[in-house]
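Residue numbers (the numbering used here): 11 to 188.
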């Protein structure tokens, strides 16, 4: 009998059930776990009956992950993951929020990339000439009047000032692309 052939294609690393449930990659799960473990507090863990961190360390873990939060957003997160204000946060609650922030981070990067396609790599704003260039490169038959209407629809400011990244993100959301 000939020897079994082994596949040269590497198998995709499977994530834990939690990672699959939260739709994060094994690498993201590992990154979250590593940052979390730096701040695990023995007393908080003992009180919770499972691995936990102090409520005051949540911001630090997010910072270690490169996930910034405004004061208001952090307060809302803390109210969600420690609703009884016990002063401690268990891993499951933390990873649920971290997973959401990871998805938002990826979306933000996608918006920035798409925006820079329109602005030809500059910080913007998107102007009529930018839309004309994109329409021409896509061989779209669009009049300048139609492009001005697009700018008017997308911009919260004077059309002549163009579309900034915030307006661009808003129009992408309204279009159902985010």
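Every residue, glycine too, gets a C-beta built ideally from N, C-alpha and C.
Check whether residue i and residue j have beta carbons under 7 Å apart
i	j	result
residue 61	residue 50	yes
residue 87	residue 99	no
residue 54	residue 39	no
residue 108	residue 42	yes
residue 128	residue 146	no
residue 143	residue 97	no
residue 78	residue 121	no
residue 177	residue 166	yes
Residue i in three-state terms, based on DSSP
i	result
residue 63	strand
residue 68	helix
residue 144	helix
residue 51	coil
residue 150	coil
residue 13	Because the pLDDT at residue 13 is just 47, under 50, the model does not fix this residue reliably, and the point stays unresolved.
First and last residue of the uninterrupted alpha helix (DSSP H) at residue i
i	result
residue 165	Segment: none, residue 165 is in no alpha helix (DSSP H) and carries neither H nor E.
residue 177	175 to 184
residue 79	Per DSSP, residue 79 belongs to no alpha helix (DSSP H) and is neither H nor E.
Chain-order list of residues whose beta-carbon lies under 8 Å from that of residue i (same chain, five-residue window excluded)
i	result
residue 222	Outside the displayed span of the chain (11 to 188) sits residue 222, for which this structure offers no information.
residue 154	138, 142
Residue i Cβ short of 6 Å to the ligand NAD heavy atom set
i	result
residue 163	As for the ligand NAD, it is missing from this structure, which has no ligand bound.
Contact set for residue i: own chain, Cβ-Cβ below 7 Å, skip 5 residues either direction
i	result
residue 74	45, 48
residue 57	98
Own chain residues within Cβ distance below 6 Å of residue i, not counting five before or after
i	result
residue 84	69
residue 33	none
residue 26	none
Any chain D beta carbon closer than 7 Å to residue i
i	result
residue 134	No chain D is part of this structure, which consists of one protein chain only.
- prompt: Which runs of the beta strand (DSSP E), 3 residues or longer, sit entirely within the segment 83 to 139?
  reply: For the segment 83 to 139, whole beta strand (DSSP E) runs of length 3 or above, ordered along the chain, are 98 to 100.
- prompt: Taking only runs of the alpha helix (DSSP H) that begin and end inside the segment 22 to 46, which ones reach a length of at least 4 residues, in chain order?
  reply: List check, alpha helix (DSSP H) in window: 27 to 32.
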